[in-house]
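Note sheet for the following structure.
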Amino acid sequence: MTNTTSPASLDRLRSVFAPQIVGIPPTNAIRELMLLPDGEIRHYGFRGSFARGTVRNIYLSSPDHGFSWVENDSPLLSPGATVRSPWSGDWLTLFCHEGGPVTLEEFHSIRANCPAPGLYLHRSAQGPDGPFATTRVGDLLPRMLTPRQPLPLRSRKRWLFPVHAATAAGGNGRQHAIVYLSDDDGATWRYVCLPVISGPGLVWPHEGLRWENCGAEPTIAELSDGRLHMLIRTAHDRYWESFSDDAGDTWTPPAPSRFYGTITTPLLFRLSNGRLLCFFNNTTPLPEPDHALQPGLGQDVIDGIWEDVFTNRDAIHAALSDDDGKTWRGFRELHLNDRRNDIDFRSRGGNDGSRDKSVHQSQAIELPYGKVLLAFGQHPESARLLLFDPDWLLETDRRDDFTLGLVDWSIHSYLKSRAGSVHGYAGHCSANRRPGPALIPHPGGEPSEVLQIARHPDPRLIEEKQGAVWNFPAAHAGRLVIHLRQPPGSAGTQIALVDRWFNPTDPVVARFSQFVLNLDSAGRINKCPSLTSGRWHRLTIEWNFRQTPPAVFRIDDGEKHPLSQIAPTLDGISYLHLQSAASTTDPHGILIRSVEKTALR
4 MTNTTSPASL DRLRSVFAPQ IVGIPPTNAI RELMLLPDGE IRHYGFRGSF
54 ARGTVRNIYL SSPDHGFSWV ENDSPLLSPG ATVRSPWSGD WLTLFCHEGG
104 PVTLEEFHSI RANCPAPGLY LHRSAQGPDG PFATTRVGDL LPRMLTPRQP
154 LPLRSRKRWL FPVHAATAAG GNGRQHAIVY LSDDDGATWR YVCLPVISGP
204 GLVWPHEGLR WENCGAEPTI AELSDGRLHM LIRTAHDRYW ESFSDDAGDT
254 WTPPAPSRFY GTITTPLLFR LSNGRLLCFF NNTTPLPEPD HALQPGLGQD
304 VIDGIWEDVF TNRDAIHAAL SDDDGKTWRG FRELHLNDRR NDIDFRSRGG
354 NDGSRDKSVH QSQAIELPYG KVLLAFGQHP ESARLLLFDP DWLLETDRRD
404 DFTLGLVDWS IHSYLKSRAG SVHGYAGHCS ANRRPGPALI PHPGGEPSEV
454 LQIARHPDPR LIEEKQGAVW NFPAAHAGRL VIHLRQPPGS AGTQIALVDR
504 WFNPTDPVVA RFSQFVLNLD SAGRINKCPS LTSGRWHRLT IEWNFRQTPP
554 AVFRIDDGEK HPLSQIAPTL DGISYLHLQS AASTTDPHGI LIRSVEKTAL
604 R
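Structure representation (structure tokens):
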């Protein structure tokens with residue numbers, strides 16, 4: 004193929020550093036992105052409605068490294084995105100066929116060549132546009148999904164294809180990770196089952212079971228020495244992981260990984276220079292309520308077989324490793340859901356494009372100069388295509404004074420909404436929202452705005468306490484400076500430093516934070532005299548986990564006060580979490596003029 008990219012687009016690509024949005028993927032972002040040898044990028048998908056039977060297969064094409072996109076009809080009998088074999092040069096992919104109607108998981112026109120349920124290989128020796136030969140290479144396993152593309156190994160002539168299903172090996176009908184292997188360039192396949200991961204059960208702070216969805220959507224990266232590292236979606240607070248020393252024939256028993264994430268899909272991605280990227284949702288959902296008391300929910304939700312409401316799919320993160328995953332840096336937000344504050348979150352955009360309006364699920368390709376194009380999300384309202392330079396993850400400092408508004412803040416509160424799966428045109432395990440904290444005029448008359456976090460009466464809300472959440476590059480040693488003012492009559496504020504995203508209104512975030520500062524109505528922080536009501540102060544928090552005490556705080560240039568560590572952390576602090584401490588209405592709250600995190604060296 005002739006290279007179609009231009010010198011101008013290469014120059015533009017070279018300048019990319021911080022994440023920038025360049026498009027919207029035309030279906031759930033997890034397996035339909037591909038890079039062709041001539042530099043063309045494609046993202047396959049569809050237009051139309053499943054309910055009305057008007058689905059049309061299309062793909063978006065970019066000739067300029069993702070900066071612009073043109074929509075094209077897919078070739079007849081196309082399997083969508085494919086992977087080129089490094090051994091034969093053929094283009095191939097696999098996915099399962101259930102034999103039912105066209106769905107979000109099965110919308111490709113080549114399904115017409117699949118006469119019965121099963122796992123099918125689609126292969127072309129002529130190129131990504133086909134024609135494709137279709138071969139049934141395996142049975143359809145119970146509750147099987149094939150969300151990834153096959154992965155060719157570098158260390159030996161073998162394909163890996165991670166999937167999940169609920170085989171008899173699982174023992175309890177629950178899905179678990181499975182890896183298909185082919186040693187003849189895709190002609191035949193066998194599979195290896197990983198053990199079922201047990202659900203977390205009913206533990207504090209939950210009053211009901213989470214959807215015990217453990218073992219789904221595994222992702223695999225080949226390390227520099229040929230070992231394989233797998234991350235697995237679970238219902239626990241962390242993703243679980245497994246390793247293979249023999250190219251996938253056997254795997255270590257799954258165990259909790261270092262990465263936080265609950266019922267969301269991780270992605271491990273190896274760059275050409277050997278560095279590893281992990282894309283994931285470094286988020287923790289709200290505590291589960293007693294589902295038996297929620298109106299309209301079935302026994303399946305009560306028993307943990309399905310979900311009531313997803314509350315942790317609004318932030319997608321990335322971390323970078325230079326040493327084959329031994330250590331990781333970054334843990335930065337790549338993007339916050341553009342719809343995260345919408346009062347019509349459940350119904351906005353309808354259900355034709357997807358049911359979930361999330362920023363979880365992702366797929367990546369590497370471009371010239373080491374830049375990365377990431378597709379992520381599940382609905383046209385929230386899914387995005389994003390360009391960035393992985394070195395952006397190595398920045399150590401961040402500042403915000405609200406001159407760009409609240410684009411980098413999570414401030415939403417949840418409205419009481421009908422829980423559970425789709426009900427009519429609205430929702431899918433989702434709740435409507437509204438913004439909580441607001442930017443108000445500077446009380447001193449300066450030509451700027453400040454953030455007010457308070458508590459206002461609203462019986463529509465699940466929780467009236469407002470909160471604000473801000474991400475910065477993860478650090479084991481750092482300094483955070485907050486310019487703040489407590490108005491007269493304020494009931495106080497909780498200030499937490501934590502290593503993952505919690506909802507702004509989370510009622511138990513203090514129990515999982517590394518450090519917490521409780522500002523009371525008298526202006527005392529952790530019972531130390533601190534703030535003068537109605538005056539601006541500079542609150543400085545410094546932490547270093549290698550020292551004793553591990554953290555201190557001070558007001559302006561005053562005395563340093565020690566802070567005790569509450570929860571351990573593997574990768575350092577990456578979040579400021581601010582929340583009203585009011586037990587009743589508090590229209591005064593706290594005012595924030597700016598925040599700044601810097602590294603301690």
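Numbering-wise (this note's numbering), the sequence shown opens with residue 4 and increments by one.
From the three backbone atoms N, C-alpha and C, an ideal C-beta is built for every residue, glycine too.
Keep in mind it's a predicted model, so treat the numbers as computed, not measured.
Which same chain residues, not among the five before or five after ARG254, have their C-beta less than 6 Å away from its C-beta? Locating residue 254 in the sequence shown gives position 251, where the first residue counts as 1. Per the sequence presented here, residue 254 reads as Trp, with Arg not at that position. Excluding residues within five positions, the ones whose Cβ falls inside 6 Å are LEU197, SER245, SER247.
Please classify ALA190: does DSSP put it in a helix, a strand, or coil? In the sequence shown, counting from the first residue as 1, residue 190 sits at position 187. Of the three classes helix, strand and coil, the one that applies to ALA190 here is coil, per DSSP.
Nearest to ASP3 by alpha carbon, out of PRO153, CYS217, GLY204? No statement about residue 3 is possible, as the shown extent of the chain runs from 4 to 604 and does not include it.
Between the segment 573 to 583 and the segment 444 to 451, are three or more C-beta pairs nearer than 8 Å? no
State the Cα-Cα distance for the pair SER583 and ALA367, rounded to the nearest angstrom. The sequence position of residue 583 within the sequence shown is 580, counting from 1. The sequence position of residue 367 within the sequence shown is 364, counting from 1. Their backbone Cα atoms lie some 39 Å apart in a straight line.
Quick check on the DSSP output: the beta strand (DSSP E) that includes GLN582 runs from which residue to which? Residue mapping note: residue 582 aligns to position 579 of the sequence shown, counting from 1. From DSSP, the beta strand (DSSP E) with GLN582 extends over 576 to 583.
Which value, in whole angstroms, describes the spacing of the CA atoms of THR551 and GLU545? Translated into the one-based positions of the sequence shown, residue 551 becomes position 548. Translated into the one-based positions of the sequence shown, residue 545 becomes position 542. Their Cα atoms are separated by approximately 12 Å.
Alpha carbon of ILE346 to alpha carbon of ALA321, nearest angstrom: Translated into positions along the sequence shown, residue 346 becomes position 343. Translated into positions along the sequence shown, residue 321 becomes position 318. Cα to Cα, the separation comes out at about 28 Å.
Return yes when the Cβ of GLY141 is within less than 7 Å of the Cβ of TRP192, no when it is not. Counting from 1 along the sequence shown, the entry for residue 192 is found at position 189. Counting from 1 along the sequence shown, the entry for residue 141 is found at position 138. Yes, the pair counts as a contact, with Cβ atoms nearer than the cut-off.
On the DSSP bridge assignment, give the partners of CYS196 in chain order. In the sequence shown, residue 196 corresponds to position 193, counting from 1. ILE181.
Secondary structure of ASN340, DSSP reduced to three states: Taking the first residue of the sequence shown as 1, we reach residue 340 at position 337. If DSSP states are grouped into helix, strand and coil, ASN340 belongs with coil.
Does VAL519 come out as helix, strand or coil in the three-state DSSP assignment? Along the sequence shown, one-based indexing puts residue 519 at 516. Reduced to three states, the DSSP call for VAL519 is strand.
Suppose only complete runs of 3+ residues qualify. What are the beta strand (DSSP E) ranges in the segment 211 to 263, listed by chain order? 219 to 225, 231 to 236, 241 to 247, 258 to 263
Per DSSP, cross-strand counterpart(s) of ASN547: For the purposes of this step, residue 547 is identified with residue 544 of the sequence shown, where counting begins at 1. According to DSSP, ASN547 bridges with ALA480.
With distances taken between CB atoms, is the gap from LEU280 to GLY69 smaller than 7 Å? As a working note, residue 280 is residue 277 in the sequence shown. As a working note, residue 69 is residue 66 in the sequence shown. Going by C-beta atoms, LEU280 is not nearer than 7 Å to GLY69.
CB contact flag (ASN216, ALA190, <7 Å): By 1-based counting over the sequence shown, the position of residue 216 is 213. By 1-based counting over the sequence shown, the position of residue 190 is 187. No.
Just the C-alpha distance for LYS360 and ALA32, rounded to the nearest angstrom, thanks. Translated into positions along the sequence shown, residue 360 becomes position 357. Translated into positions along the sequence shown, residue 32 becomes position 29. Using only the alpha carbons, I get a separation of about 12 Å.
What are the partner residues of GLN469, as DSSP defines its beta bridges? Position 466 of the sequence shown, counting from 1, holds the residue named residue 469. Looking at the DSSP assignment, GLN469 forms no beta bridge with any residue, so it has no partner.
Rounded to a whole number of angstroms, what is the C-alpha to C-alpha distance between PRO259 and GLY492? For the purposes of this step, residue 259 is identified with residue 256 of the sequence shown, where counting begins at 1. For the purposes of this step, residue 492 is identified with residue 489 of the sequence shown, where counting begins at 1. If I take the Cα positions, the gap works out to 45 Å.
Terminal residues of the continuous alpha helix (DSSP H) containing ARG17? To locate residue 17, count along the sequence shown from 1; it is residue 14. That run of the alpha helix (DSSP H) goes 10 to 17.
Cα-Cα separation, SER577 to GLY481: If you number the sequence shown from 1, residue 577 lands on position 574. If you number the sequence shown from 1, residue 481 lands on position 478. Taking the straight line from one Cα to the other gives about 10 Å.
Quick one: is PHE49 buried, meaning 16 or more other Cβ sit within 10 Å of its Cβ, or exposed? Taking the sequence shown and counting its residues from 1, the one referred to as residue 49 is at position 46. Buried, since its Cβ has 16 or more Cβ neighbours within 10 Å.
Going by Cα to Cα distance, which pick from GLY561, THR106, GLY328 is closest to ARG261? Working through the sequence shown from its first residue, we reach residue 261 at position 258. The shortest C-alpha separation from ARG261 is found at GLY328.
One or two residues paired with MET147 in a DSSP bridge: If you number the sequence shown from 1, residue 147 lands on position 144. Paired residue(s): none; MET147 is not in a bridge.
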